[in-house]
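In this note's numbering, the protein residues as written are 798 to 1164. Even glycine gets a Cβ: it sits at the ideal position worked out from N, Cα and C. Below is one structure, written out as structure tokens; comments come after it.
This is the structure in structure tokens:
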């Protein structure tokens, strides 16, 4: 009996040792996630405040341009989504802190849906900001077909990679999610590629425009280039991949994804509020002249008040025009070599392009 009792105790201890590490790992995992989310939501609140201020300043500007109205609609939509994500994140932090300690896994599992909801909302706002950054690039290239294919590829890759945070949540929550580890690697890698792709096209755009800017301090110019080209988002993508590679620390990845959406939104608003100044070296005319042959539009030598007739065939002979008709006088003047000299009231002139113009008389009755 003693041997049987010893064997039974050994089996029971093995079962306890099999189940208790899972519970210990779950509690440790929840603590790590809670700590990372506290830091992430604090940083997120700072970035959201900055985004809200910049959005209000941008929406306060008045403009009748259609592109500006579209940009304002995009900013309003993005701000609404970011507001919802920030409020939900703070609510999750409060409920998770109040119900986590001492509760079982079933109670803790409810709030993972809130994390996934916040990450999906961040995905939508990230896509809106990324689409604007790619749209800027698309408008300033000549080969629209190639540029569209490149931009769509980057955007689809960015949408695909944003699911990585949701997958990380699933990997941390469910014990049978080990099969999703390769997908997490692929998603985080594609996220890094997409972030660097958007930064690359932004750098190419700045180099291609060659804008003439005022002589500002080198720190100001470096900071503007750093923000507008999306380098902060690249840093977040690098940190997320490094956190996953350094031991599959999904808690840090979740926290970084909480912040990435706000960084993209702030990048979009910074670019909208600080547009690049136009070039002053006639780049539009040069681009049009080299891209497609343009038909030269003749400029009339005078600016008439009333345009009467335009015949494109040949010069109208003088025989069809009365020399004298009442108080008016008619003249055939080659405007290419001569000037209008007439002292008659309501004089009519005919230039070599067979276009009739009426030269109005002054109030005194003189031309």
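Subject >> Span of the alpha helix (DSSP H) around residue 1047 >> reply: 1047–1070
**OP:** Quick one: residues in its chain with C-beta nearer than 6 Å to the C-beta of residue 882, no 5 flanking neighbours on either side, listed in chain order?
**Re:** 915, 918 and 919
**OP:** Look at the Cβ atom of residue 764, then the Cβ atom of residue 1066, and state whether they are nearer than 8 Å.
**Re:** This structure cannot settle anything about residue 764, because the visible part of the chain is limited to 798 through 1164.
Original post:
So, helix, strand or coil for residue 883, using DSSP?
Top reply: helix
**OP:** Determine contact between the stretch 1041–1054 and the stretch 870–885, defined as no fewer than three beta-carbon pairs at a distance below 8 Å.
**Re:** no
Original post:
Distance, Cα to Cα, residue 993 vs residue 1049?
Top reply: 21 Å
**OP:** Express the C-alpha separation of residue 836 and residue 764 in angstroms, rounding to a whole number.
**Re:** Absent from the structure is residue 764, since the part of the chain shown begins at 798 and ends at 1164.
Subject >> Proximity winner among 1017, 839, 978 and 1061, relative to residue 886 (alpha-carbon distances) >> reply: 839
**OP:** Within the same chain, show all residues whose beta-carbon is closer than 8 Å to that of residue 1025, passing over the 5 residues directly before and after it, in chain order.
**Re:** 999, 1003, 1064, 1067, 1068 and 1071
Original post:
Just how far apart, CA to CA, sit residue 1042 and residue 1059?
Top reply: 24 Å
**OP:** Classify residue 919 as helix, strand or coil using the three-state DSSP reduction.
**Re:** helix
Subject >> Extent of the continuous alpha helix (DSSP H) to which residue 1034 belongs >> reply: 1028–1042
Original post:
Is residue 879 closer than 8 Å to residue 1030 when the C-beta atoms are compared?
Top reply: no
**OP:** Check residue 867 in the structure and name its three-state DSSP category.
**Re:** helix
Original post:
Does the separation of the CB atoms of residue 1038 and residue 989 fall below 8 Å?
Top reply: yes
**OP:** Find out if the Cβ-Cβ distance for the pair residue 1033, residue 1057 is shorter than 8 Å.
**Re:** yes
Original post:
Which term fits residue 1047, buried or exposed, when burial requires 16 or more other beta carbons within 10 angstroms of its beta carbon?
Top reply: buried
Original post:
Under a three-way DSSP split, which group does residue 892 fall into?
Top reply: helix
Original post:
In terms of alpha-carbon separation, which member of 922, 1040, 1036 and 912 lies closest to residue 834?
Top reply: 912
Original post:
When you compare only the Cα positions, how much space is there between residue 842 and residue 1001?
Top reply: 32 Å
Original post:
With 16 as the cutoff for other CB atoms within 10 Å, does residue 868 come out buried or exposed?
Top reply: buried
**OP:** Leaving aside the five residues before and after residue 850 along the sequence, list all residues of the same chain whose C-beta is less than 7 Å from its C-beta, in chain order.
**Re:** none
**OP:** Would you tell me roughly how many angstroms separate the C-alpha atoms of residue 859 and residue 865, rounded to the nearest one?
**Re:** 9 Å
**OP:** Report the option in 832, 884 and 852 whose CA atom is closest to the CA atom of residue 926.
**Re:** 852
Original post:
Within 10 angstroms of its Cβ, does residue 891 collect 16 or more other Cβ (buried), or is it exposed?
Top reply: exposed
**OP:** Just the C-alpha distance for residue 884 and residue 1015, rounded to the nearest angstrom, thanks.
**Re:** 38 Å
Subject >> Cβ-based neighbour list, residue 1019, same chain, cut-off 7 Å, excluding 5 preceding and 5 following >> reply: none
Subject >> beta-carbon residue 870 near the ligand COA non-hydrogen atom, thresh 7 Å >> reply: Only the bare structure without any ligand can be found here, which leaves the ligand COA out of the picture.
Original post:
CA-CA distance, residue 930 and residue 991?
Top reply: 12 Å
**OP:** Give the secondary structure of residue 858 by DSSP, where H, G and I count as helix, E and B as strand, and everything else as coil.
**Re:** coil
Subject >> Beta-carbon proximity list for residue 1117, same chain, < 7 Å, skipping 5 on both sides >> reply: Because residue 1117 sits at a pLDDT of 48, beneath the cut-off of 50, its placement in the model cannot be relied upon, and the following sentence gives the value as read from the coordinates. Closer than 7 Å at Cβ, skipping near neighbours: no residue.
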